[in-house]
Structure formats: structure tokens, C-alpha cells
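K.L.:
Quick note on numbering: the sequence shown equals residues 4 to 961 in the numbering used here. Every residue, glycine too, gets a C-beta built ideally from N, C-alpha and C. Here the structure is a predicted model, which is why all the values come from computation and not from measurement.
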Amino acid sequence: MYYTVQKKGSSRSYNILKPYAWADVINDAFIKKHKLPCNFLYKRAKVSIDTNNTKHYITFQGKCKDCGENLFGWCSKKPKEFEPLEINISTKDTRGEELAHSSKRPLMGLKRQKIGKQLLTDIPANWRRQNTEEMDFDCTSPPNLYKNNVLSKAKQEYTDKLLRLPKKNVLESLVELKHTSLAGSIHNIGYDPLYVHYWTNHQILIYRDYNKEYCRLALDATGSLVKKLKRTSINILSADIFLYEAVISQGFGQFPVSQMISERHDTISITFWLDMWIKSGVNPPNEAVSDYSKALLGAMCKSFCSSNLRSYVQKCFFVLTNSSNDLPPCFLRVDVSHMIKMFCRLQHFSGIRNKRLKEFYVRGFRLLLTSTSLERFKKLLKSLMVVILSPTDGWMDENNMQPNPSESSRQYLLSLMKDTASFNDEYVAEECTNIEVLNDETDTVDSTNFYDQDEVARFIHEIETESNMDALTKGNRESAYFIPALLKDLKRYCYDFPLWTSVMVDQFKSPYLIATSSSVENDFNKLKNEVLKFSTRPMTADRFVIRHVKSIDEHSKLFRSMQLRNTYANININNKRDILLPECDSDIEISHKKTEHELINDICDYDYETSFRNNDSNSNESISKVTQIEINSIYPQSPNIKRKINKHLFSPAGRKIDIDSENSDNDIKTLLDFKKNDINSTINNLNDNDSNSLETSSCISSDIENWRGKGENPTAKLSIIKKYKKRTKYMDPTPEIERLLNKSLRSKNQTLLINGNMKTPIRVNKKRYLVSNTCAFDSVCILIAMAYTDSKDYQEFINKSHNELLTFCKDLAINGPSSIIYKKRLGILNKIFQEDLGITDVVVINAECNVLHIISTLMKTNPSTTNIKTCSKNNCGVKEHTSPTIIVTLDDGFSNLQKNLQHYCEDKIIKCYDCQSNAVSKRMLHEHLFIETDIYDEPTALTDFPLEITIDDKALVI
4 MYYTVQKKGS SRSYNILKPY AWADVINDAF IKKHKLPCNF LYKRAKVSID
54 TNNTKHYITF QGKCKDCGEN LFGWCSKKPK EFEPLEINIS TKDTRGEELA
104 HSSKRPLMGL KRQKIGKQLL TDIPANWRRQ NTEEMDFDCT SPPNLYKNNV
154 LSKAKQEYTD KLLRLPKKNV LESLVELKHT SLAGSIHNIG YDPLYVHYWT
204 NHQILIYRDY NKEYCRLALD ATGSLVKKLK RTSINILSAD IFLYEAVISQ
254 GFGQFPVSQM ISERHDTISI TFWLDMWIKS GVNPPNEAVS DYSKALLGAM
304 CKSFCSSNLR SYVQKCFFVL TNSSNDLPPC FLRVDVSHMI KMFCRLQHFS
354 GIRNKRLKEF YVRGFRLLLT STSLERFKKL LKSLMVVILS PTDGWMDENN
404 MQPNPSESSR QYLLSLMKDT ASFNDEYVAE ECTNIEVLND ETDTVDSTNF
454 YDQDEVARFI HEIETESNMD ALTKGNRESA YFIPALLKDL KRYCYDFPLW
504 TSVMVDQFKS PYLIATSSSV ENDFNKLKNE VLKFSTRPMT ADRFVIRHVK
554 SIDEHSKLFR SMQLRNTYAN ININNKRDIL LPECDSDIEI SHKKTEHELI
604 NDICDYDYET SFRNNDSNSN ESISKVTQIE INSIYPQSPN IKRKINKHLF
654 SPAGRKIDID SENSDNDIKT LLDFKKNDIN STINNLNDND SNSLETSSCI
704 SSDIENWRGK GENPTAKLSI IKKYKKRTKY MDPTPEIERL LNKSLRSKNQ
754 TLLINGNMKT PIRVNKKRYL VSNTCAFDSV CILIAMAYTD SKDYQEFINK
804 SHNELLTFCK DLAINGPSSI IYKKRLGILN KIFQEDLGIT DVVVINAECN
854 VLHIISTLMK TNPSTTNIKT CSKNNCGVKE HTSPTIIVTL DDGFSNLQKN
904 LQHYCEDKII KCYDCQSNAV SKRMLHEHLF IETDIYDEPT ALTDFPLEIT
954 IDDKALVI
């Protein structure tokens, strides 16, 4: 703690305390005990060698920087071993003069390093809050409570010391790192424009092992990580610098395999990065996914397919139409969540007035995304175009028996949105077995027209022409979905439909039905919120590259460990292949017979996080289950299982698509600059810019990656984007789509019915009514409304019924709560409950009762069961007795409900009430069953109820 000092020309010698260490220790202890506001600067700390000849063992001096008061401190005697050092200080008591002191002590020496180390996993503001424990409420901050800028600088200096930055200049530092500590990781560096290509040898090794099977790569870019450069003597700022990543994903996690930071965001720069990565000794992936950035798509197309984007789309279309077998080597796709978000942000759907249009058309666009064949895509696109272009819908005859094309198309789309059974309608065109490309002789447009040059555009134009003809057929009412200006945006997307639909899945034998880039979005999220959580962003390029490479090196060890475990598990499964082959084949055959709706539901219902957690914990499961999961590892190229949906292959795509999901990068970008469309323009004007839009997309060198609008214009100011609440997941089936489309835009209630106790009086025929205690009635109505929404068979039954309660539930399921619904509820309850006028002019109806009373009173015409009694003598005849509810004897709770119901419906021999002869009693169940549970008092969980029971070949769903 001290050094020996010898004065010149003197025989005396003394020691001094360690510089940049002792002053902070003494000052912090002094302020903590006495809380003086003075900012003392200490000096002349002497330690006597011979304590017998000196008065004090230690002496030091100090002076306040603000008020100039002097301080003298001393220690009288040397402490013994393990004893504390006792110090005396003499100075003026300045407590009460806090406002005259404003400066802070310098942060240096050992304390600066200590605080810098603490701030590695914290932020300066939190450090200041944590060091206010000794402060009183009504006092100013002490001089040793440093400001945020001082703390940030101390943190940066300590971080730089750990990073071992070789140079202060960013470019010189990167070049030095390339040839020293990061040799083999940094491959290419550019100064103006700035770019750095970097990937490690571990990343190459992991990617090569992953590429032995079907390989999917996700690419994306993000910003706000790297600080802009200053160039020349006048400090000209560079453009925004983005981070580009290529990420792979397996069942146990995702891992980046190549990175680039770049100031330029065009196709040429991104292509150069991918070409250099491939040149390092890797093969292109089987499948590549990105957002709808034409710069990224064009670069992937040039590097992985050796062609431009329009040529790739043309080749895919020729393969779909059986005009060619020239399939591109790599399957390029667009992430579905980005496509949904782009479609949601169209100008036509902005504002509360267009909320219903957005609900319908976005879900219709989702149907296009999940179409798996060219025939189905054409069928769906034509239906959407007919609805968009038709100014009328409804019926063409007076009896409302023959719908016009717009009505048929709308009902067809609604049936698919509900995920119901296949829709049967005479208008909807039958699926074509073979689609041929139009010959030049059949096209009536000029030979120089763009449709003669692009077969995909001609295919879309053909669908548009057919839709225009069908849209001319008039109905008996105006269409609320007539938005002709929407067709322009829809066509622009459809010119690239092989990229964002699933029509090419079978051709490329891809095991992934849905395209997703969630792996790269999740990697960006972890980089920003975990790796760089406590780092100041943006940071200089050299600091970022060092940090990123270090985190990748740490991540690669963990990922490689999981990769080796997974490979070992696959080897064990291959060794047991002969034993389990019959069972595997049966599982494959069953999964191959799944319908498209079941496949989409499997994907939407799959929880990726659950699969990740169970991957290591369930290692002792049965062999058959493990084989079910790893079947694609045994037969990676088998055509019989190319559509197999399992937890390993579909883990990245398995999560439900949430437009504003928090797991992905919040700044999901879009390349297209949507301009405001003129709603009043005619259909003919929509085709004017088709050629220009497609020709622009073919010029890949002019495309740029435009993250948050920063890629195109570095000086452009960003507008603040308002964040909205999370919407429903458009990728999920929506049985309640009709209620969403008919829902009042003014109401914010999320419940189907509000209890009468919480409603204001209802005015009917100049009288005011107040209905109270509607709990029993509301619960029955909500149950029936939900059953109407979920079951198509029950829906048909209610549509044919004239029961007042069932009709009310139907209106509630379709239209949702409204003033008309509450008036209808009043009308029903007024018939079965008495009115009480009271002392005011408000008529009160007390609807307090149990559920049994509601069902017994209102469901007489549609009972649960009919009891048929047949007497052995013909004189008595057959007698029928209906019952709205039934009472079932439960042997062992509700788990044996099917057995008890079967016993309830069995034929029984009873005595005839009229002639006392033997009679046969038989109970017949109807479309719904209301089972009385009042006599059953044991606690029962919802999971104890069976989901489906079968009685007399009739399936009943609970």
C-alpha cells in the first residue's frame, strides 16, 4: 500500500500511500460517516518509517474544490496486524451548505476499474440508484456519486481493455484484428463503402454437417448496432450500417453461419458477401428464406441459383405448368409473417372504418399463402379478384336461390377461413388438371406488350380477365367488399407468387410447408437483448465485430454439443431401423393421408418452445415415439414423407404466426414503398403500371435492403410508427369470422353477452325495462352460440329450426352483441318471467333461476331426447314423450359418460299405464343433449369430460 521516497540532499526517508487508490478509500469512508458536501482533493500522503521519532504515523492533506476549505488528516500510531486503521480528520463542518457544492470527485485509479467491471452487466443509471442507500431524502447528492457520462466512459474504457482494441482508428483496428487475434474469422474489409465479411471455422464446420441433409437457410438484416463512420476532414457521415446474417435452424435451436456488416445495401454488395462465403468451401443450401426485400432475394438468386429473380420465377412457373423440367438448384421463399404484415399495412385497410375489410381480405390472402398447388392458387386468386371487382353481391333471382359469382366466391372463401369441410358450389370453377401457358397467337394485345414477355404476368392477367367477366354479373345488393384499387397491390404480389406461396413445395421436395425466417429474427433478438444487453448501442464497427465473433465462438461450442448429441441419437435409431421399420411405414402412410387443413393445423398448433424443452428431457421415451420424431433422418429424400410434419422438421415454422410478435425483430422491414392508391380509379387504370412494376423488379442491381427506411437515403428522417395492440393470428382457422365481419365498430366489449345487472334500462314501445340476474339465460345462450360457430352439422340444424331461443343464439353467433340482441333477450325473458312495475316507471324483470328452468321452458320444441313407448297390445298404440333435459346415472363420474348414455338408451320392458301389459320403452337422442348435473356434487375438471362420444352411430361432441 505504500512506496519508499528519498528526498534529495536529505538523509530522511518516508513512505507514501499507493497513488490513485488511498484517496478514494479514505474519502468514501469519511463521507459515509459524516456526510459533508465538500469535494476534497487529497495530496501529500506520508507514512513514517520510524514511528518513534515522529508525532504521526500517517499524515495527508486536502482541499475542497468548491469552497476552498482545507482538510488535515492523521493516524497517531501504526495498527497491529489484523487491526483497523484509525484516522483523525480536521476540517470545517460544511453541512447545511450543500447548494454551494456542485462538483464531483474525479473517478480514477482502482476505483475506476472496479466500477467499470461492475457496469459490464449493468447500466450507469442503475449504479447511481443502487448507491443512494446512504443518502437522506432532503439532501443533495454526495461528490462521490458520479454522473452518467463519467460512468459510461469508465465502462467503455474497461470494456476496451478487455477487447484489446489495437488501434483507435476503426479501419486500422479492423485490419490489425484481421491479421492478429481474429485471423481466419475476418475475411474481407472495405473502407469506402465500409463492409466487413466475417465467419469462423467453427461456423463452416457446423454448416457442412447440417448441409448433409435437407438444409434451410434464413437471411435478414438489421440496424441500430454499428455506429456511422466519419470521413474526411469535414467529418462526412457514412450511410447507416446494417448487420446481415445467414442462420440455420434445427430442432434444438438456431445458429448463424455467416455475417456481414455493410454500409451499402444493394444486391451487388449482398451477392459479393454470399459468393465469398460459398468460395470459402461450403455448398449452397437446399432452401433459402428471407423477407420480401428484393435486394436479399436477388442476391440469393444470383449466388445460389446463378440467375436473376425474374428468371427464377419464370423457371418455377414453367415447372408448375409442366412446360419445363429445369428446376432451380435452390428453393427461394419469402417469410409468411412478413407477407401478412405487408398486406395488413396496405393503405386500403387503414382506419377503423376498414377494419372489417382487413379481417376478410387478410385472411383471404392467408389462403393464398398456404395454397400447395397451382390449381388451388388459381381458384383462390380468382375468387378473391371476383369479390374485389364486383360492385354487387347477393342473389340473381327473386327467390334468393341462385347466388351471383361474387356471393359464391365470398361464401367459398368464408368456408375456408372457418376451416370447415369442402365447400360445394356450382359457380366455383372446378380444379384444372392441366394448365397451359397461353400461346402468342391467342393474345390479343400488341406483341411489344409485357404480357408477351413474362408468362407469369400473362397467367395473372388471364385470371384477372376471367374475374372481370364474372364481376359484371349483378346481384340484388351492393357489395361491401368492392375495392377495385386493391387489385393493383394484389397483382404486384402475385407476379412473384412462387416465392411466397407453397406451390413449389412438392417440386423441391421440401419438408417445410410454411416458409419462415423466425430463426434469423430470433438470433437478432438474442444478440440485441442478451449478448449486447448492457452495451451502449450503436457502437463502433471494430468493437461490434470483436463482441460478435466472441459471442459466436461461445455459442458454437454449445450448438456443436447439441449437434453431436442429435447425430448420436440418429445413429442409434438407424441401428434399430430393421426392428421398427413396419411401424415407421405405417406412421408415414397415415401422415401422408392428412388433408391440407390438418397439415396447416398441425403447424399452427405446434409449440416450438415446448419441443425445445422436451428434446433433452424425454430421452427415455419409447422407441416408437423417437422413431416418429426422427423418421426424416432415416429417409431424408423419401418422397412418401416429403410432406410429413414432425417436431424436428417443422419446429421453426411450427409456431403460430403473430404479426406483432415479440420474439421476432420488432422492426420487420418491407422493401416496397407503398404509395397511396386512388380509390376512385377505374379497373382499366389498374393495369397501367403492371409492366413498369415487373420490369423494375427484374433490375436486381438497383434493389436495396431498406431496414427501417435507412437503406435508401442515409439522411432521411424516420417517422414515428405508432405501435398497435396485438391482433389475432391470421394464420389460424377462424370459425367466428362471420361475427368478426358483422361486429360493431363502436363497441369495445369482448364478451358475447353482458349480464342484465350491468346494463342500463332498455326502451321498448315507450316503456323502459330492466332485466336483472340473467346469468342462467346468458350461459345457455353462449354455449349454444359457441356450438353453432364450431360445428357445421349443428349449424345446419339451427338454421332449419324455428325455436325462438335457437334463433336468438344464431343471431348472437353471427352478429355479436348489439342493442337489437338485448331487446330480443328482453322479449324472450318477458314471456317466462313476471313484470314488476315498482315505484318508478321502470319495469323490472327478475330472471333469477337455474339453467334447468331456462332449458325446460324454452327448449320444448327441440328436446334432448324422445321416449317412445310401444305396448304389446295394439289397442294402446305408440306413445311419445319429449324431454328438454335428461338425467343420467353416473357410475364413475363423467369418464364413463358414453357407457352410461348407452345404458340410458337401451330398450327396457315396462308396464303399460293403460292396460298393465308389457311395453317396450326406448329413448332416442336428438341433435343436442342437455344433461342435468345438479345431483352430481363431486368436483370435476374440464379434462375429465370426454371430447366425443358415439351413441347408435351418432357422434356427439362436447
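1) Mind checking which residues open and close the beta strand (DSSP E) that includes Thr183?
2) Terminal residues of the continuous beta strand (DSSP E) containing Met927?
3) Within 10 angstroms of its Cβ, does Asp338 collect 16 or more other Cβ (buried), or is it exposed?
4) Would you decide whether Cys41 is buried or exposed? Buried here means 16 or more other CB atoms lie within 10 Å of its CB.
5) Consult DSSP for Cys879 and reduce its assignment to one of helix, strand or coil.
6) With distances taken between CB atoms, is the gap from Thr869 to Glu883 smaller than 8 Å?
7) If you follow the alpha helix (DSSP H) that Lys827 is in, where does it begin and where does it stop?
8) Taking Leu755 as the reference, give the member of Ser821, Ser804, Ile52 with the closest Cα.
9) Compare the C-beta of Lys282 with all C-beta atoms of chain B and state if any pair is closer than 8 Å.
10) Please classify Phe961 as buried or exposed, where buried requires at least 16 other C-beta atoms within 10 Å of its C-beta.
11) From Ile603 to Asp195, what distance separates their C-alpha atoms?
12) Assuming Leu502 and Val316 are in contact, meaning their beta carbons sit under 8 Å apart, how far apart are those beta carbons, in whole angstroms?
13) Kindly confirm or deny that the region 123 to 135 and the region 26 to 33 touch, where touching means at least three C-beta pairs closer than 8 Å.
14) In terms of residue numbering, what span does the beta strand (DSSP E) encompassing Glu951 cover?
15) Okay, do the region 227 to 235 and the region 301 to 321 touch, 3+ Cβ pairs below 8 Å being the bar?
16) Nearest to Glu708 by CA position, among Ala224, Gln64, Asn91, is which residue?
17) Expressed to the nearest angstrom, what Euclidean distance is found between the alpha-carbon atoms of Thr630 and Cys218?
18) In angstroms, rounded to a whole number, what distance separates the CA positions of Ser867 and Thr888?
19) Looking only at C-alpha atoms, which of Gln257, Asn91, Glu179 sits nearest to Ile209?
20) Does the pairing of the region 164 to 182 with the region 524 to 541 give three or more beta-carbon distances under 8 Å?
21) Determine the direct distance from the alpha carbon of Asn172 to that of Asn238, and round the result to whole angstroms.
22) Does the region 372 to 392 touch the region 489 to 504, meaning 3 or more C-beta pairs lie closer than 8 Å?
23) Pick from Leu855, Thr737, Lys795: whose alpha carbon is nearest that of Asp781?
24) What is the DSSP secondary structure of Trp398, reduced to helix, strand or coil?
25) Compute the Euclidean distance between the alpha carbons of Asp894 and His931, then round it to the nearest angstrom.
26) Here's the rule: buried if 16 or more other CB atoms are within 10 angstroms of the residue's CB, otherwise exposed. What is Asn442?
27) Exposed or buried, Ser79, counting other C-beta atoms within 10 Å across all chains shown (16 or more means buried)?
28) With a Cβ-Cβ cutoff of 8 Å, do Val774 and Ile848 count as a contact?
29) Cβ of Cys812 within 8 Å of Cβ of Tyr791?
30) How is the beta strand (DSSP E) around His104 delimited, first residue to last?
31) Do Ala298 and Leu222 come within 8 Å of each other at the CB atom, strictly closer than that value?
32) By the DSSP assignment, the beta strand (DSSP E) with Lys477 in it spans what residues?
33) Using CA coordinates, which residue listed in Asp947, Ala32, Lys531, Ser236 is at the minimum distance from Ser554?
34) Could you compute how far the alpha carbon of Glu86 sits from the alpha carbon of Ile264?
35) If you compare alpha carbons, which of Glu362, Ile391, Val365, Gly397 is closest to Met472?
36) Would you list the residues sitting across from Asn758 in a DSSP beta bridge?
P.N.:
On the basis of the data shown:
1) Segment: none, Thr183 is in no beta strand (DSSP E) and carries neither H nor E.
2) Per DSSP, Met927 is one residue of the beta strand (DSSP E) stretching across 921 to 928.
3) buried
4) With 16 or more other Cβ atoms inside 10 Å of its own Cβ, Cys41 counts as buried.
5) coil
6) yes
7) 822 to 835
8) Ser821
9) The structure shown has no chain B; it contains just one protein chain.
10) Going by the sequence as given, residue 961 is Ile instead of Phe. Ile961 comes out exposed.
11) For Ile603, the predicted structure reports a pLDDT of 42, less than 50, and the residue's modelled location is therefore unreliable. A value from the coordinates is still provided. Near 48 Å, if we compare the C-alpha coordinates of Asp195 and Ile603.
12) Between the beta-carbon of Leu502 and that of Val316 there is about 7 Å, and that keeps the pair under the 8 Å contact cut.
13) Fewer than three pairs of CB atoms, one per stretch, sit closer than 8 Å, so the region 123 to 135 makes no contact with the region 26 to 33.
14) Its beta strand (DSSP E) spans residues 951 to 954.
15) no
16) Ala224
17) Unreliable positioning characterises Thr630 in this predicted model, as indicated by a pLDDT of 31, which lies under 50. The coordinate reading is nonetheless provided below. In a straight line, the C-alpha of Thr630 is about 21 Å away from that of Cys218.
18) 6 Å
19) Looking at the Cα atoms, Gln257 is the closest of the given residues.
20) no
21) 14 Å
22) Segments in contact, yes.
23) Leu855
24) strand
25) One C-alpha to the other measures close to 22 Å.
26) Since pLDDT at Asn442 reaches only 34, below the 50 mark, its modelled position is unreliable, and the value read off the structure follows with that caveat. Asn442 should be labelled exposed.
27) exposed
28) yes
29) yes
30) Run containing His104: none; DSSP gives neither H nor E here.
31) no
32) First-last for Lys477: undefined, no H or E at that position.
33) When the alpha-carbon of Ser554 is set against those of Asp947, Ala32, Lys531, Ser236, the nearest one is in Lys531.
34) So the alpha carbons of these two residues sit roughly 57 Å apart.
35) That would be Ile391, whose Cα lies nearest to the Cα of Met472.
36) Asn758 pairs with nothing; no bridge assigned.
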